[in-house]
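Chains as they are written, first to last, in this note's numbering: chain A, 1 to 330; chain B, 331 to 560; chain C, 561 to 809.
The structure appears below as structure tokens.
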Amino acid sequence: MNRHIKKISVFLFLFSICFSLSGIRVSEASETAVYRLKWLFNASVIGDIYADVHGHFKARGLDVTVKEGGPERDAIRELELGYAAFGVASADQVIRALAKGSPVVVIAQLFQINPLQWIYRSENLDVTRVEDLKGKVVGITFGGNDETIMRTLMAKAGLTEKDISVFSVRYDYTPFYQKRVDVWPVYRNSQAPILEKKLGDLGESVAYFNPAAHGVKFVANSVVTSKRMMEEQADVVKNFTSALLQGWEEALELENEEDVLKTLRQFDKDTPPDIMRKQLVITRSLIKPFKDTRIGMIDLEAWQQTEKIMLEQNQIPSPVAVEKVIRKPF
Amino acid sequence: MFLECQNINFRYPNGSMDVFHDLSFQMKTPGFHALFGPSGVGKTSLARIIVGDFNDYSGVVRSEGMQNLLYSYNLERLPDWSSVGKHLEKITPPSLRDRKNELIASFDMAETMRLRFSQLSLGQQNRVNLIRYLLQDFHLLIMDESLANVDERTREKIILGIKDMFPDTYFLYISHNVIEVSKFCREILVFRNSLKAPQVITVNGQDHKLGQTVSKDKLEQTMLEIMHAS
Amino acid sequence: MLHRRIYQFFIIYLLGLLVLFSVKYLLDLSDYVIPGLEDLAQTFRTVFLRYVSDVVDTISVAVIGQVISVFMAIVVGVLGRQTTWFGSFIKVAAYNVQAYPIVAIAPIIFILFGDGFLSRLLIAAMICYFPILLSVISIMSEPVHDIEHFYRVTGRMRWQLEVKIRAFENLNKLTTVISGSATLAMAGTIVAEFIAANAGIGYSIRIALYQSDLAKILTALFLIGITLSVYQGLLEIAGYLVKKGWASH
Numbered sequence: 001m002n003r004h005i006k007k008i009s010v011f012l013f014l015f016s017i018c019f020s021l022s023g024i025r026v027s028e029a030s031e032t033a034v035y036r037l038k039w040l041f042n043a044s045v046i047g048d049i050y051a052d053v054h055g056h057f058k059a060r061g062l063d064v065t066v067k068e069g070g071p072e073r074d075a076i077r078e079l080e081l082g083y084a085a086f087g088v089a090s091a092d093q094v095i096r097a098l099a100k101g102s103p104v105v106v107i108a109q110l111f112q113i114n115p116l117q118w119i120y121r122s123e124n125l126d127v128t129r130v131e132d133l134k135g136k137v138v139g140i141t142f143g144g145n146d147e148t149i150m151r152t153l154m155a156k157a158g159l160t161e162k163d164i165s166v167f168s169v170r171y172d173y174t175p176f177y178q179k180r181v182d183v184w185p186v187y188r189n190s191q192a193p194i195l196e197k198k199l200g201d202l203g204e205s206v207a208y209f210n211p212a213a214h215g216v217k218f219v220a221n222s223v224v225t226s227k228r229m230m231e232e233q234a235d236v237v238k239n240f241t242s243a244l245l246q247g248w249e250e251a252l253e254l255e256n257e258e259d260v261l262k263t264l265r266q267f268d269k270d271t272p273p274d275i276m277r278k279q280l281v282i283t284r285s286l287i288k289p290f291k292d293t294r295i296g297m298i299d300l301e302a303w304q305q306t307e308k309i310m311l312e313q314n315q316i317p318s319p320v321a322v323e324k325v326i327r328k329p330f
Numbered sequence: 331m332f333l334e335c336q337n338i339n340f341r342y343p344n345g346s347m348d349v350f351h352d353l354s355f356q357m358k359t360p361g362f363h364a365l366f367g368p369s370g371v372g373k374t375s376l377a378r379i380i381v382g383d384f385n386d387y388s389g390v391v392r393s394e395g396m397q398n399l400l401y402s403y404n405l406e407r408l409p410d411w412s413s414v415g416k417h418l419e420k421i422t423p424p425s426l427r428d429r430k431n432e433l434i435a436s437f438d439m440a441e442t443m444r445l446r447f448s449q450l451s452l453g454q455q456n457r458v459n460l461i462r463y464l465l466q467d468f469h470l471l472i473m474d475e476s477l478a479n480v481d482e483r484t485r486e487k488i489i490l491g492i493k494d495m496f497p498d499t500y501f502l503y504i505s506h507n508v509i510e511v512s513k514f515c516r517e518i519l520v521f522r523n524s525l526k527a528p529q530v531i532t533v534n535g536q537d538h539k540l541g542q543t544v545s546k547d548k549l550e551q552t553m554l555e556i557m558h559a560s
Numbered sequence: 561m562l563h564r565r566i567y568q569f570f571i572i573y574l575l576g577l578l579v580l581f582s583v584k585y586l587l588d589l590s591d592y593v594i595p596g597l598e599d600l601a602q603t604f605r606t607v608f609l610r611y612v613s614d615v616v617d618t619i620s621v622a623v624i625g626q627v628i629s630v631f632m633a634i635v636v637g638v639l640g641r642q643t644t645w646f647g648s649f650i651k652v653a654a655y656n657v658q659a660y661p662i663v664a665i666a667p668i669i670f671i672l673f674g675d676g677f678l679s680r681l682l683i684a685a686m687i688c689y690f691p692i693l694l695s696v697i698s699i700m701s702e703p704v705h706d707i708e709h710f711y712r713v714t715g716r717m718r719w720q721l722e723v724k725i726r727a728f729e730n731l732n733k734l735t736t737v738i739s740g741s742a743t744l745a746m747a748g749t750i751v752a753e754f755i756a757a758n759a760g761i762g763y764s765i766r767i768a769l770y771q772s773d774l775a776k777i778l779t780a781l782f783l784i785g786i787t788l789s790v791y792q793g794l795l796e797i798a799g800y801l802v803k804k805g806w807a808s809h
């Protein structure tokens, strides 16, 4: 008797999991959709927020819920499980997912320049070439994107691990403040302005080492959806993309700046206004680096290079032909 | 050396009724005395007032000439980390080594000395506990049901043995066994309902000693007196 | 005792995998969401040795942290057993500090002690110290009247004897708390490594999470589980031996 009860409970447990997951999939079919961001609400997601707040999704008949991301969130997993219809993921995430058979599709590339760069004090260091890092203490987040990028840069410049001292980076900047580390990885449009201000208050000036300037284009955040959405609800995908990109275009318009900052403050209450303004300016330069850049455009060459880098560093076992899952937004 | 309680009034903390109301008695001669009465009348409370465990009472307790008053009860345990023999050895003053052996023999406990306390039967546990109290320096020992779970014959042997070994010491034996207290005790303090006055009545027992015989009639007479008193 | 813990862990782990695989195959999820059996086996083979050494590193820190905690908890618990101001102060402090989430305290520890061994040790010790302390205090402040009475009325009671009686009478409770706190020490060390350290299995899990590699995480969980089961089993055996040894004096 007891055995039967146990068997039935195991079955019911599995059934309830499957039911709850498939239940979410059903909601995907309606025109309500969850859009899972990669990170918390801040200036780097302003276009996503702006599109929502200014009703661009609604205007196209979509009921989109924009949800914050975070370190434990993975938009691609959520797409597959049906918890979200759209999401933001970094290129390496997309390529890793493809390598494991995930049916993910890229529908827009938000960052044209990767915001992940290295900050350093400019008075005693000038990194104009990768070789300038020789003998320096370089901060790297083991397992993070910056490790992949730095290893690629070093390989290109013919440097090995013996040429630099690697410092394992954590969430707090104390080692950089204490000058124990020479170059420290930061997100240009979120952490960098804060660091810059703090060091500026101490009379120190900083500069940035941008991997793209040294030939390493590693694609950052992009907008993704599932293959199933592409096939079954192409209109929803199209409308979503155009609403989102319109949001980004408007959010980065110079004349909208005050309104944009006002909108942003509703979501990001912790960042001081002067820092937030700087973050917005930098975000603009990374997403729309040139006047004629169309927001969302896919830099196919950068995607292919990203895949190549990952392949070279054994992060994926074989090529995934990333270009096949990229749908150009226009 | 005598024990006297005068006008003891006592109630439990948060209790609504007096346990004792003007309770008085005297015990002027050493020997084996008893506190007798049904459960809940306050025998243990009186014992603890006498030894000074409870202070929240009014009235006078005088234990003239008695320095060491001990209270022992039947639920006490010895730690189980060594054998009861070792425990007894540790708590016996060197001058009382012979007495220890004597007690062990007279309590029929020689076989159990290598065992741990938890390995003993309930009756054996109570006996070994009593032995360790008897090996202390005391003038009054209160034995609260200290021979519970011990068979009648052994109990008799033990009580007679104690009386023989400690003729000049006060014992207060708390028991529910009317025959036993009538037979062995000198004075029996019979507890009555707290609403009755006086609350205790002293009945003289047969005070049976080693080598004596007890008259059946006298014993029955004592038992009747106890019944009437309560 | 030991083998029971190990096979119980195997059952739990296999049941967990079974649920995951059922969901994977029923919903046709890719290896990215839930790794396939082959993927898991491959990852297991690749990272096994490295992860074993990471887990050994972590458990070493956890064990040292736990030993320190047990020692300190006994000292403070014995001091704080009386119903004095100091005793109640220790209890209040222990309850309060226990309520703080370690992820909030960890950054302060890392700033003060860096991201090496000491920080991991401190966090592991902190996480398992307070539950042990509270148990020790509760055990030590509860008189065992039926045993203590004799020693008290005959003037033989010393603090050492009081502690000995209470510890002996509650040996089962103490060994359960100590063996249970092994899990806390391990969890504490892993959290510390996850947040900031440069070594240990927590650090490897963090890297695996960066790479969205669930297969690596499942491997790590397996090794953590099995190590913890062995450790707890050994603690139980040690507790049993202590009791047996103490009882055979």
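Ideal Cβ positions, reconstructed from N, Cα and C, are used throughout, including at glycine.
Review point. What first and last residue would you give for the beta strand (DSSP E) that runs through Met357 (chain B)?
Key: In the second sequence, counting from the first residue as 1, residue 357 (chain B) sits at position 27. Looking at the DSSP string, the run of the beta strand (DSSP E) that includes Met357 (chain B) is 350-357.
Point to revise | CB contact check: Leu81 (chain A) to chain C, cutoff 8 Å | key: Here residue 81 (chain A) refers to the residue found at position 81 of the first sequence. By this cut-off, Leu81 (chain A) is an interface position.
Review point. Is it the case that the CB of Gln542 (chain B) approaches a heavy atom of the ligand ZN more closely than 7 Å?
Key: Within the structure as shown, the ligand ZN is missing, as the structure has no ligands at all.
Check your understanding: In whole angstroms, what is the alpha-carbon distance linking Val544 (chain B) and Thr736 (chain C)?
Key -> Stepping through the second sequence from its first residue, residue 544 (chain B) is reached at position 214. Stepping through the third sequence from its first residue, residue 736 (chain C) is reached at position 176. When rounded, the distance between both Cα atoms is 58 Å.
Check your understanding: CB-CB under 7 Å to Phe604 (chain C), same chain, minus the five flanking residues each way: which ones, in chain order?
Key -> Taking the third sequence and counting its residues from 1, one reaches residue 604 (chain C) at position 44. For Phe604 (chain C), where only same-chain residues beyond five positions count, the Cβ hits under 7 Å are Thr779.
Exercise for review: Examine chain C for any beta-carbon lying closer than 8 Å to the beta-carbon of Val406 (chain B), and answer yes or no.
Suggested key: Looking up residue 406 (chain B) in the second sequence gives position 76. In the sequence on display, residue 406 (chain B) carries Glu and not Val. So yes, Glu406 (chain B) belongs to the interface.
Review point. Quick one: is Arg457 (chain B) near chain C, going by C-beta distance under 8 Å?
Key: Position 127 of the second sequence, counting from 1, holds the residue named residue 457 (chain B). Judged by the 8 Å Cβ criterion, Arg457 (chain B) is not in contact with chain C.
Point to revise | Residue-level contact to chain A via CB, Gln771 (chain C), 8 Å cutoff | key: Counting from 1 along the third sequence, the entry for residue 771 (chain C) is found at position 211. So yes, Gln771 (chain C) belongs to the interface.
Check your understanding: So, is Ser369 (chain B) buried or exposed, given that buried needs 16 or more other C-beta atoms within 10 angstroms?
Key -> For the purposes of this step, residue 369 (chain B) is taken as the residue at position 39 of the second sequence. Burial call: exposed.
Review point. Quick one: what's got a C-beta closer than 8 Å to Ala89 (chain A)'s C-beta in the same chain, skipping five residues either side?
Key: If you number the first sequence from 1, residue 89 (chain A) lands on position 89. Excluding sequence neighbours, Ala89 (chain A) sits near Lys38, Asp74, Ala75, Ile76, Ala97, Val104, Asn221, Ser222, Val224.
**Study point:** Meets three-Cβ-pair contact criterion under 8 Å: the region 677-691 of chain C and the region 744-753 of chain C
**Key:** yes
Review point. Taking Cβ positions only, does Arg170 (chain A) come closer than 8 Å to chain C?
Key: Here residue 170 (chain A) refers to the residue found at position 170 of the first sequence. Answer yes: the Cβ-Cβ gap between Arg170 (chain A) and chain C drops below 8 Å somewhere.
Exercise for review: Report all residues from its chain with a CB closer than 7 Å to the CB of Val704 (chain C); omit the five preceding and five following residues, and keep chain order.
Suggested key: Taking the third sequence and counting its residues from 1, one reaches residue 704 (chain C) at position 144. Closer than 7 Å at Cβ, skipping near neighbours: Ile725, Arg726, Glu729.
Exercise for review: Drop a sphere of 10 angstroms on the beta-carbon of Ile668 (chain C), count the other beta-carbons inside from all chains shown, and report buried for 16 or more, exposed for fewer.
Suggested key: Locating residue 668 (chain C) in the third sequence gives position 108, where the first residue counts as 1. Classification of Ile668 (chain C): exposed, given that the 10 Å Cβ count is below 16.
Exercise for review: Ignore the nearest five residues each way along the sequence and tell me which others in Leu286 (chain A)'s own chain have a CB closer than 7 Å to its CB.
Suggested key: On the first sequence, position 286 is the one that residue 286 (chain A) refers to. The residues are Phe111, Gln112, Ile113, Pro115, Arg188, Asn189.
Check your understanding: Based on Cα-Cα distance, which residue from C:Leu731, C:Asn732, C:Lys733, C:Glu708 lies nearest to Leu721 (chain C)?
Key -> Translated into the one-based positions of the third sequence, residue 721 (chain C) becomes position 161. Residue C:Glu708 is the option with its Cα nearest to Leu721 (chain C).
**Study point:** Minimum C-alpha distance to Leu681 (chain C) - residue among C:Gln626, C:Asn732, C:Gly793, C:Met717
**Key:** Taking the third sequence and counting its residues from 1, the one referred to as residue 681 (chain C) is at position 121. Here the closest residue by C-alpha is C:Gln626.
Check your understanding: Can you find a CB in chain C that lies within less than 8 Å of the CB of Phe340 (chain A)?
Key -> The question about residue 340 (chain A) has no answer here: the residues shown for chain A are numbered 1 through 330.
Practice item. Within the same chain, show all residues whose beta-carbon is closer than 8 Å to that of Ile24 (chain A), passing over the 5 residues directly before and after it, in chain order. Key: Start at 1 with the first residue of the first sequence, and residue 24 (chain A) comes out as number 24. Caution applies to Ile24 (chain A), whose pLDDT of 41 falls short of 50 and renders its modelled position unreliable; the value that the coordinates give is listed next. Only Leu81, Gly82, Tyr83 meet the Cβ criterion.
Review point. Any idea if Arg485 (chain B) is buried or exposed, counting beta-carbon neighbours within 10 angstroms, 16 or more meaning buried?
Key: For the purposes of this step, residue 485 (chain B) is identified with residue 155 of the second sequence, where counting begins at 1. It counts as buried.
Review point. Phe673 (chain C): which of A:Gln191, A:Gly61, A:Arg151, A:Pro175 sits nearest, CA to CA?
Key: Residue numbering aside, residue 673 (chain C) sits at position 113 when the third sequence is read from its first letter. Checking every option, the nearest Cα to that of Phe673 (chain C) belongs to A:Pro175.
**Study point:** Coarse secondary structure for Arg392 (chain B), derived from DSSP in three states
**Key:** Working through the second sequence from its first residue, we reach residue 392 (chain B) at position 62. Strand at Arg392 (chain B).
**Study point:** is_contact[Arg444 (chain B), chain C] using C-beta, thresh 8 Å
**Key:** If you number the second sequence from 1, residue 444 (chain B) lands on position 114. It does not; no Cβ of chain C falls within 8 Å.
Check your understanding: Is the beta carbon of Ile421 (chain B) sitting closer than 8 Å to the one on Arg446 (chain B)?
Key -> Position 91 of the second sequence holds residue 421 (chain B). Position 116 of the second sequence holds residue 446 (chain B). No, they are not a contact pair.
Review point. In the region 603-627 of chain C, which residues sit with their C-beta less than 8 Å from some C-beta in chain A, listed in chain order?
Key: none
Point to revise | Positions along the region 586-604 of chain C whose CB lies within less than 8 Å of some CB in chain A | key: Leu586, Leu587, Leu589, Ser590, Asp591, Tyr592, Val593, Pro595, Asp599
Exercise for review: Mind the definition here: the region 460-479 of chain B touches the region 312-326 of chain A only if three or more C-beta pairs lie below 8 Å; say whether that holds.
Suggested key: no
Exercise for review: Output, in sequence order along the chain, the residues in the region 285-311 of chain A whose CB is closer than 7 Å to any CB in chain C.
Suggested key: none
Review point. What beta strand (DSSP E) runs, 3 residues minimum, are completely inside the region 376-463 of chain B?
Key: 387-394, 399-403
**Study point:** Interface flag, Asp74 (chain A) vs chain C, CB-CB below 8 Å
**Key:** On the first sequence, residue 74 (chain A) is found 74 positions in, with the first residue counted as 1. Judged by the 8 Å Cβ criterion, Asp74 (chain A) is in contact with chain C.
Point to revise | Cβ-based burial, Pro329 (chain A) [other Cβ within 10 Å; buried from 16] | key: As a working note, residue 329 (chain A) is residue 329 in the first sequence. The residue in question, Pro329 (chain A), is buried, as its Cβ has 16 or more Cβ neighbours within 10 Å.
Check your understanding: How about Pro409 (chain B): is its C-beta nearer than 8 Å to some C-beta of chain C?
Key -> For this step, residue 409 (chain B) is matched to residue 79 along the second sequence. So yes, Pro409 (chain B) belongs to the interface.
Exercise for review: Run the CB neighbour count on Ser22 (chain A), radius 10 Å, all protein chains shown included, and call it buried at 16 or more, exposed below.
Suggested key: The residue given as residue 22 (chain A) occupies position 22 in the first sequence. Residue placement at Ser22 (chain A) is poorly supported in this model, since its pLDDT is 44, which falls under 50; the coordinates are not used for a value here.
Practice item. Could you tell me how far apart the beta carbons of Leu502 (chain B) and Ser402 (chain B) are, in whole angstroms, since I believe they sit closer than 8 Å? Key: Here residue 502 (chain B) is taken as the residue at index 172 of the second sequence, counted from 1. Here residue 402 (chain B) is taken as the residue at index 72 of the second sequence, counted from 1. At roughly 11 Å, the Cβ-Cβ gap does not stay under 8 Å, so Leu502 (chain B) and Ser402 (chain B) are not in contact.
Check your understanding: Helix, strand or coil: how does DSSP classify Asp467 (chain B) here?
Key -> As a position in the second sequence, residue 467 (chain B) is number 137, starting the count at 1. Three-state result, Asp467 (chain B): coil.
Practice item. Throw me the rounded Cβ distance for the Phe521 (chain B) and Lys373 (chain B) pair, which I believe falls under 8 Å. Key: If you number the second sequence from 1, residue 521 (chain B) lands on position 191. If you number the second sequence from 1, residue 373 (chain B) lands on position 43. With 8 Å as the limit, Phe521 (chain B) and Lys373 (chain B) qualify as a contact, their Cβ atoms being about 6 Å apart.
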